[in-house]
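Here this note's numbering is used: the sequence shown runs in plain steps of one and ends on residue 923.
Glycine is no exception: its CB is placed at the ideal position from the N, C-alpha and C atoms.
Keep in mind the model is a prediction, meaning the values are calculated, not measured.
Reading through the structure tokens given below for one structure.
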Amino acid sequence: MTAERPPHPAAEAGPNPADPGPGADLVREIEAAVAEALKALLERRPLGPKHLFVVGASTSEIAGGPIGKRPTLAYGEAIVRAVEAVREHHGFHTAYQCCEHLNRALVVRRETLEAFGLEEVTVRPVPEAGGALATAAYDLLPEAVCVEAVRADAGLDIGETLIGMHLKPVVVPFRPPRRTVGAARMTLAYSRPKLIGGPRARYPEPR
Numbered sequence: 717m718t719a720e721r722p723p724h725p726a727a728e729a730g731p732n733p734a735d736p737g738p739g740a741d742l743v744r745e746i747e748a749a750v751a752e753a754l755k756a757l758l759e760r761r762p763l764g765p766k767h768l769f770v771v772g773a774s775t776s777e778i779a780g781g782p783i784g785k786r787p788t789l790a791y792g793e794a795i796v797r798a799v800e801a802v803r804e805h806h807g808f809h810t811a812y813q814c815c816e817h818l819n820r821a822l823v824v825r826r827e828t829l830e831a832f833g834l835e836e837v838t839v840r841p842v843p844e845a846g847g848a849l850a851t852a853a854y855d856l857l858p859e860a861v862c863v864e865a866v867r868a869d870a871g872l873d874i875g876e877t878l879i880g881m882h883l884k885p886v887v888v889p890f891r892p893p894r895r896t897v898g899a900a901r902m903t904l905a906y907s908r909p910k911l912i913g914g915p916r917a918r919y920p921e922p923r
């Protein structure tokens with residue numbers, strides 16, 4: 717059995733953003749790190765209204781615990797706020813992945829469901845079944861609904877939750893300047909069209 721990691725120092729005093737203690741520090745750290753990473757990705761792979769961005773995160777891993785064991789809603793809310801603040805300037809759609817208990821379904825806006833022809837499922841995420849991130853997204857997004865699956869153009873993974881099942885092929889990993897959020901590792905990715913053909917094939921220059 718793997719030993720539980722000690723909690724991230726900033727998680728020990730609780731996650732209340734109004735609390736001047738370390739918990740509030742971690743909330744601010746999450747918002748800053750997520751915004752910085754997403755902006756770095758957008759420099760490499762611009763996204764707009766026709767694109768879908770998927771987010772998966774373990775708030776337990778952020779706090780230094782095993783995935784799924786210490787969900788913290790305030791940390792999920794911080795991630796959603798940071799992503800949505802960047803989204804407002806670029807117009808891309810967002811999808812927030814639930815945990816394994818809900819088969820990694822996703823929370824999206826109803827307008828996203830309609831724009832991409834997604835299949836709605838009936839469930840309401842809660843921290844113990846869905847995870848803190850999906851619960852926060854369901855609470856914060858206007859007209860939030862759950863869908864079974866998406867084929868996203870890019871994504872963010874905090875805590876190695878494995879978002880690959882919701883990304884279009886071919887997936888290209890992107891390493892942000894800052895690689896961690898709290899105690900969790902952070903990775904981003906974007907998709908590119910498949911290169912097809914044999915030795916005589918020619919390909920356009922990267923845009």
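Residue range of the alpha helix (DSSP H) that includes Thr877:
In the DSSP annotation of this structure, Thr877 is not part of any alpha helix (DSSP H), being labelled neither H nor E.
Between the Cα of Ile874 and the Cα atoms of Thr896, Phe890, Leu883, Leu857, which residue gives the shortest distance?
Out of Thr896, Phe890, Leu883, Leu857, Thr896 has the C-alpha closest to the C-alpha of Ile874.
Proximal residues to Glu752 (C-beta, below 8 Å), its chain only, five neighbours per side dropped:
Shown here for Glu752: same chain residues with a beta carbon closer than 8 Å to its own, the five before and five after excluded, namely Pro892, Pro893, Arg894 in chain order.
Check each candidate in Leu763, Ala852, Val839, Ala740 and name the one with the smallest Cα separation from Ser774.
Nearest C-alpha to Ser774: Ala852.
Is it true that the CB of Val771 sits closer than 8 Å to the CB of Gln813?
For Gln813 and Val771, yes; Cβs fall inside 8 Å.
Cβ contact check for the stretch 901-908 and the stretch 865-880: 3 or more pairs under 8 Å:
With the cut-off at 8 Å, the stretch 901-908 and the stretch 865-880 touch.
So, with DSSP's three-state summary, where would you put Leu857?
Leu857 falls in the coil class under three-state DSSP.
Count the other CB atoms within 10 Å of the CB of Leu911; is the residue buried (16 or more) or exposed (fewer)?
That one is exposed.
Return the bridge partner residues of Cys815 from the DSSP annotation.
Partner(s): none; Cys815 has no beta bridge.
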